[in-house]
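Residue numbering for the first sequence follows our numbering, beginning at 23 and increasing consecutively. Structure, as structure tokens:
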Amino acid sequence: MLQISYIRENPQDVIRRLAVKNLDVKGIVNQIVEMDQQRRTLQKQHDELQAEINRISKEIGILFKSGQKAEATTLKERSSELKADSRSLADTLAASEEELNKLILQLPNLPHHSVPAGKNAAQNEIVAGEGDLPVLEEGALPHWELAQKYDLISFELGSKVTGAGFPFYKGKGARLERALISFFLDEAARAGYEEFLPPLLVNEDSAFGTGQLPDKDGQMYAVNTDNLFLIPTAEVPVTNLYRDVILTHDRLPVRNVAYSSCFRREAGSWGKDVRGLNRLHQFNKVEIVQIAHPDKSYESLSEMRDHVASLVRKLELPFRIVRLCGGDLSFTSALTYDFEVYSAAQDKWLEVSSVSNFETFQSCRLKLRFRDTDGKVRLAHTLNGSALALPRIMAALLENNQSHQGIRIPGVLVPYTGFNSIP
RNA sequence: GGAGAGAUGGCAGAGCGGUCGAAUGCGGCGGUCUCGAAAACCGUUGUCCCGGGCAACCGGGACCGGGGGUUCGAAUCCCCCUCUCUCCGCCA
Numbered sequence: 023m024l025q026i027s028y029i030r031e032n033p034q035d036v037i038r039r040l041a042v043k044n045l046d047v048k049g050i051v052n053q054i055v056e057m058d059q060q061r062r063t064l065q066k067q068h069d070e071l072q073a074e075i076n077r078i079s080k081e082i083g084i085l086f087k088s089g090q091k092a093e094a095t096t097l098k099e100r101s102s103e104l105k106a107d108s109r110s111l112a113d114t115l116a117a118s119e120e121e122l123n124k125l126i127l128q129l130p131n132l133p134h135h136s137v138p139a140g141k142n143a144a145q146n147e148i149v150a151g152e153g154d155l156p157v158l159e160e161g162a163l164p165h166w167e168l169a170q171k172y173d174l175i176s177f178e179l180g181s182k183v184t185g186a187g188f189p190f191y192k193g194k195g196a197r198l199e200r201a202l203i204s205f206f207l208d209e210a211a212r213a214g215y216e217e218f219l220p221p222l223l224v225n226e227d228s229a230f231g232t233g234q235l236p237d238k239d240g241q242m243y244a245v246n247t248d249n250l251f252l253i254p255t256a257e258v259p260v261t262n263l264y265r266d267v268i269l270t271h272d273r274l275p276v277r278n279v280a281y282s283s284c285f286r287r288e289a290g291s292w293g294k295d296v297r298g299l300n301r302l303h304q305f306n307k308v309e310i311v312q313i314a315h316p317d318k319s320y321e322s323l324s325e326m327r328d329h330v331a332s333l334v335r336k337l338e339l340p341f342r343i344v345r346l347c348g349g350d351l352s353f354t355s356a357l358t359y360d361f362e363v364y365s366a367a368q369d370k371w372l373e374v375s376s377v378s379n380f381e382t383f384q385s386c387r388l389k390l391r392f393r394d395t396d397g398k399v400r401l402a403h404t405l406n407g408s409a410l411a412l413p414r415i416m417a418a419l420l421e422n423n424q425s426h427q428g429i430r431i432p433g434v435l436v437p438y439t440g441f442n443s444i445p
């Protein structure tokens, strides 16, 4: 969430920058500024009343000690009256705060200055690209057919046992999946990330902290009896490690990595382009998270971008990096780079990573702060990125490396798979 | 699942219902001493909100796991919840 102090002091900036996301927030911003003023007035009144009550209470204590019972009783009555006023004021204040909060939560993050205006993915900006597009032999197959032909993945068994979007990986398919996870984790460790293996279920506070709640609960699987949610990404448990934490400045940037299964209901997005591994309800992902000093967070973002690029490069997959335009940027992000990998048989660019700087948007909710060199406590910046999401990488690997001899495994993975091709 | 104990500042650990935001120790920071360091000694040391000030800071409010309640007044009393520990049972 945006900081109220920022909205209060820079309402025009908020309006202008959210226009890059095609949002007209003039009305809501004005309302927020007004309600904030009202809230502060109420708070002031309440504090003053409370101060008076505190003063009287102390006095009563002194009077009792010196045996002046009559005076004490008079003051007691006075205090009781004030207490009633104070309670009703406190109720109004709480209501006012709640309403204000609801409004603030409706505002998405402000896009970074470099974010291009635009309505949708068509206006995204391709900022880099690498690798030659493979030329496939005659009769090349899409990955879902390769998966069947080489008995690597069974979508049918997944449907039988669970439902659509929950595949079984089998034999060399399972081994390749595991190899990719290990490879990604090892690469992250080499780059200085500390590994975590997080819980796959989180509580409400955590889901709120990273922004899944209050609005996006429809995208998560919920375990209602225990009020827990299956994580849509390891970002949720890992970032929430630092909820309500004040870090010392010398710990920044924090670099964490976590592998986890991810669970997404994908409500409303089920349609075309979802064949095979393109879109799943459960999938594996290795996620990198950084917590950075506000002055250094864009250095962190570049570092993460370079890390992800190196992974795709080592896997010998052609890729491009896209800077999301305002309209395509997520609610919480200030700047996002998407990585797309070319999947040859489908002739499609598949999104395999999304690297974002959230600046203080998450940390404001999380109360994730650090003590700066001057001793001041301030909000840290949070960043995360997929490094990488497995299914589409698997799809591109299978499709791009197929030949009549079978499927070739990229060299970097061979130590992990124990085989260099799937014949 | 059953029985009991507990949750206090960065950590450890006190705290008769009334000058308690909280003793004390450790740690941290600043200083004295020293060529320097250690030791010793002195001082300082939480977060959030509101108001004032360019700022250092000053004044007020809130916070002793979370939420309610009793009371003029709650860290202290009562209720609910969460978590931790010990014992028993069950279990990968």
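Where a beta carbon is used, it is the ideal one built from N, C-alpha and C, also for glycine. Treat the numbers as computed from the prediction; the structure is a model and nothing was measured.
Just the C-alpha distance for residue i and residue j, rounded to the nearest angstrom, thanks.
i	j	result
Gly139	Ile313	First, the amino acid is wrong: residue 139 is Ala here, not Gly. Each residue's alpha carbon lies about 27 angstroms from the other.
Ala244	Phe251	4 angstroms
Asp112	Glu99	The sequence shown places Ala at residue 112, not Asp. So the alpha carbons of these two residues sit roughly 20 angstroms apart.
Gln192	Gln234	In the sequence on display, residue 192 carries Lys and not Gln. Looking at the two C-alpha atoms, the distance is approximately 32 angstroms.
Leu163	Glu362	20 angstroms
Ser408	Gln427	32 angstroms
Ala150	Val344	7 angstroms
Leu207	Thr114	51 angstroms
Arg197	Leu420	14 angstroms
Thr95	Met57	40 angstroms
Ser181	Val267	42 angstroms
Phe177	Phe188	7 angstroms
Tyr438	Ala213	19 angstroms
Asp239	Leu269	30 angstroms
Trp371	Val47	34 angstroms
Arg301	Glu321	31 angstroms
Asp396	His271	10 angstroms
Ile29	Leu351	20 angstroms
Ile54	Asn142	28 angstroms
Arg287	Gln72	49 angstroms
Ser319	Ala116	35 angstroms
Arg200	Cys284	15 angstroms
Phe205	Leu64	57 angstroms
Cys386	Met23	6 angstroms
Gly49	Leu339	47 angstroms
Kindly indicate which three-state DSSP category residue i falls into: helix, strand or coil?
i	result
Lys141	coil
Ala256	coil
Phe206	helix
Gln72	helix
Ser136	coil
Asn123	helix
Ile148	strand
Leu405	strand
Tyr438	helix
Leu420	helix
Asn278	strand
Ala244	strand
Val296	coil
Thr261	helix
Tyr215	coil
Phe285	strand
Would the beta-carbon of residue i fall within 9 angstroms of that of residue j?
i	j	result
Leu435	Leu122	no
Val224	Ile253	yes
Asn44	Gly349	yes
Ala356	Tyr264	no
Ile82	Ser108	no
Arg39	Glu119	no
Leu412	Val308	yes
Gln368	Leu168	no
Thr255	Gln384	no
Ala331	Glu159	no
Leu42	Leu129	Here residue 42 turns out to be Val, not Leu, going by the sequence shown. Result no, Cβ atoms of Val42 and Leu129 do not sit closer than 9 angstroms.
Pro236	Leu127	yes
Gly298	Ala210	no
Thr261	Thr404	yes
Ala229	Val276	no
Leu274	Phe380	no
Tyr374	Arg414	The residue you asked about is not Tyr; residue 374 is Val in the sequence shown. Yes.
Tyr364	Arg342	yes
Tyr281	Leu219	yes
Leu172	Ile431	Reading the sequence as shown, one finds Tyr at residue 172 and not Leu. Against a cut-off of 9 angstroms, the Cβ pair of Ile431 and Tyr172 comes out as no contact.
So does residue i have its beta carbon nearer than 8 angstroms to some heavy atom of the ligand FAD?
i	result
Ala169	By its list of ligands, the structure shown contains no ligand whatsoever, and the ligand FAD lies outside what it can speak to.
Mind reading off the beta-carbon distance from residue i to residue j? Whole number of angstroms is fine, and I expect it under 8 angstroms.
i	j	result
Gln25	Thr382	7 angstroms
Leu346	Asp360	6 angstroms
Ser79	Ser101	7 angstroms
Lys194	Leu179	The pair is not a contact, with the Cβ atoms about 16 angstroms apart (cut-off 8 angstroms).
Only counting runs of 4 or more residues, tell me where the alpha helix (DSSP H) segments fall wholly within the stretch 154–181, in order along the chain. 165–171
I'd like the ranges of any beta strand (DSSP E) spanning at least 3 consecutive residues and lying wholly in the stretch 299–374. 304–314, 341–345 and 357–365
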